[in-house]
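K.L.:
Residue numbers (my numbering): 2 to 169.
Can you read through this structure? Questions will come right after.
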Amino acid sequence: MHSILAAAPAISVEGGRILGSVGAGGLATALTVVLIAGIREPKAAASAAPGGAGGGKKGRIRKKLSSDQAQWVGITAGTLYMVAGSIWTVGRNLSDAFASVFTNGGFGSAGLGAVSLILGAVFYFRELPPGKAALTGIIAAGVWAQAGGIWGLPQALILTGAHAVGML
Numbered sequence: 002m003h004s005i006l007a008a009a010p011a012i013s014v015e016g017g018r019i020l021g022s023v024g025a026g027g028l029a030t031a032l033t034v035v036l037i038a039g040i041r042e043p044k045a046a047a048s049a050a051p052g053g054a055g056g057g058k059k060g061r062i063r064k065k066l067s068s069d070q071a072q073w074v075g076i077t078a079g080t081l082y083m084v085a086g087s088i089w090t091v092g093r094n095l096s097d098a099f100a101s102v103f104t105n106g107g108f109g110s111a112g113l114g115a116v117s118l119i120l121g122a123v124f125y126f127r128e129l130p131p132g133k134a135a136l137t138g139i140i141a142a143g144v145w146a147q148a149g150g151i152w153g154l155p156q157a158l159i160l161t162g163a164h165a166v167g168m169l
């Protein structure tokens with residue numbers, strides 16, 4: 002009696018692409034979905050609350066982003082918005098608008114390093130609600146990338162990591 006042993010095909014990660022072909026636009030979109038899903042309460046949950054209009058199934062969030070998680074996902078998303086371009090230029094526009102409030106001369110001679118310090122202070126001393134933390138992270142990504150110096154480290158780490166696992 003002969004037995005035939007068939008081997009399953011080997012699973013391999015071709016070219017280091019762990020998630021397949023993703024790209025900066027795909028990553029930016031996926032992280033935007035993570036931010037929206039992780040910080041917003043479902044509408045059904047709000048309407049089914051006591052005293053609400055009711056009628057819908059009660060929705061739940063499986064995992065809710067903390068303030069710190071939301072800010073770092075925001076920084077990562079903001080970095081990828083700049084790389085992706087296209088519709089994602091809104092992140093860069095938000096960063097430019099925020100920075101111009103401080104760098105246009107109204108606060109004296111202030112550069113992007115000063116704006117970066119302001120954002121760093123907000124992150125360190127304030128625990129923002131997840132939605133505001135995510136928006137502040139998106140703004141910080143653009144400001145820090147433009148400021149250069151030590152402020153460019155998050156962008157360098159995010160892009161190096163994404164390249165290393167084949168996402169970009």
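Ideal placement from N, C-alpha and C gives every residue a C-beta, glycine not left out.
So, using beta-carbon positions, are Ala71 and Ala135 closer together than 8 Å?
P.N.:
On the sequence shown, residue 71 is found 70 positions in, with the first residue counted as 1. On the sequence shown, residue 135 is found 134 positions in, with the first residue counted as 1. Taking 8 Å as the Cβ cut-off, Ala71 and Ala135 qualify as a contacting pair.
K.L.:
Count the other CB atoms, across all protein chains shown, that sit within 10 Å of the CB of Arg93; report buried if there are 16 or more and exposed otherwise.
P.N.:
Within the sequence shown, the letter at position 92 stands for residue 93. With 16 or more other Cβ atoms within 10 Å, it is buried.
K.L.:
Assign Pro155 to buried or exposed, taking buried as 16 or more other Cβ atoms, counted over all protein chains shown, within 10 Å of its Cβ.
P.N.:
Residue mapping note: residue 155 aligns to position 154 of the sequence shown, counting from 1. Pro155 comes out buried.
K.L.:
Determine the burial state of Phe126: buried for a count of at least 16 other Cβ atoms within 10 Å of its Cβ, exposed for fewer.
P.N.:
For this step, residue 126 is matched to residue 125 along the sequence shown. With fewer than 16 other Cβ atoms within 10 Å, it is exposed.
K.L.:
Taking 8 Å as the cut-off, decide whether the C-beta atoms of Thr137 and Gly86 are in contact.
P.N.:
The residue given as residue 137 occupies position 136 in the sequence shown. The residue given as residue 86 occupies position 85 in the sequence shown. No, the pair does not count as a contact, with Cβ atoms beyond the cut-off.
K.L.:
Between Gly26 and Gly132, what straight-line distance do the alpha-carbon atoms span, to the nearest angstrom?
P.N.:
Counting from 1 along the sequence shown, the entry for residue 26 is found at position 25. Counting from 1 along the sequence shown, the entry for residue 132 is found at position 131. Spanning the two alpha carbons is a distance of roughly 21 Å.
K.L.:
Among the residues of its own chain, which have a CB less than 7 Å from the CB of Val35, if the five just before and after it don't count?
P.N.:
The residue labelled residue 35 in the question sits at position 34 within the sequence shown. The residues are Val74.
K.L.:
Does the distance from the C-beta atom of Gly114 to that of Ala148 stay below 8 Å?
P.N.:
For this step, residue 114 is matched to residue 113 along the sequence shown. For this step, residue 148 is matched to residue 147 along the sequence shown. Contact flag set, yes.
K.L.:
So Gly162 and Gly79 are in contact, right, with Cβ under 8 Å, and what is the actual spacing, rounded?
P.N.:
For this step, residue 162 is matched to residue 161 along the sequence shown. For this step, residue 79 is matched to residue 78 along the sequence shown. About 15 Å; that fails the 8 Å criterion.
K.L.:
Does the separation of the CB atoms of Ala111 and Phe99 fall below 8 Å?
P.N.:
Position 110 of the sequence shown, counted from the first residue, corresponds to residue 111. Position 98 of the sequence shown, counted from the first residue, corresponds to residue 99. No, Cβ-Cβ distance for Ala111 and Phe99 is not below 8 Å.
K.L.:
Measuring straight from C-alpha to C-alpha, what distance separates Gly24 and Val91?
P.N.:
Locating residue 24 in the sequence shown gives position 23, where the first residue counts as 1. Locating residue 91 in the sequence shown gives position 90, where the first residue counts as 1. Rounded to whole angstroms, Gly24 to Val91 spans 18 Å at the Cα level.
K.L.:
Going by other Cβ atoms of all chains shown within 10 Å of its Cβ, with 16 needed for buried, is Ile40 buried or exposed?
P.N.:
Taking the sequence shown and counting its residues from 1, one reaches residue 40 at position 39. Buried, since its Cβ has 16 or more Cβ neighbours within 10 Å.
K.L.:
Using only CA atoms, which one of Glu128, Ser101, Phe108, Val84 lies nearest to Ser68?
P.N.:
In the sequence shown, counting from the first residue as 1, residue 68 sits at position 67. Considering only alpha carbons, the answer is Glu128.
K.L.:
Rounded to a whole number of angstroms, what is the C-alpha to C-alpha distance between Met168 and Leu160?
P.N.:
On the sequence shown, position 167 is the one that residue 168 refers to. On the sequence shown, position 159 is the one that residue 160 refers to. Each residue's Cα considered, the two are about 9 Å apart.
K.L.:
Need the endpoints of the alpha helix (DSSP H) that Gly121 sits in, please.
P.N.:
What you label residue 121 is simply residue 120 of the sequence shown in a count that begins at 1. Run containing Gly121: 113-126, per the alpha helix (DSSP H) assignment.
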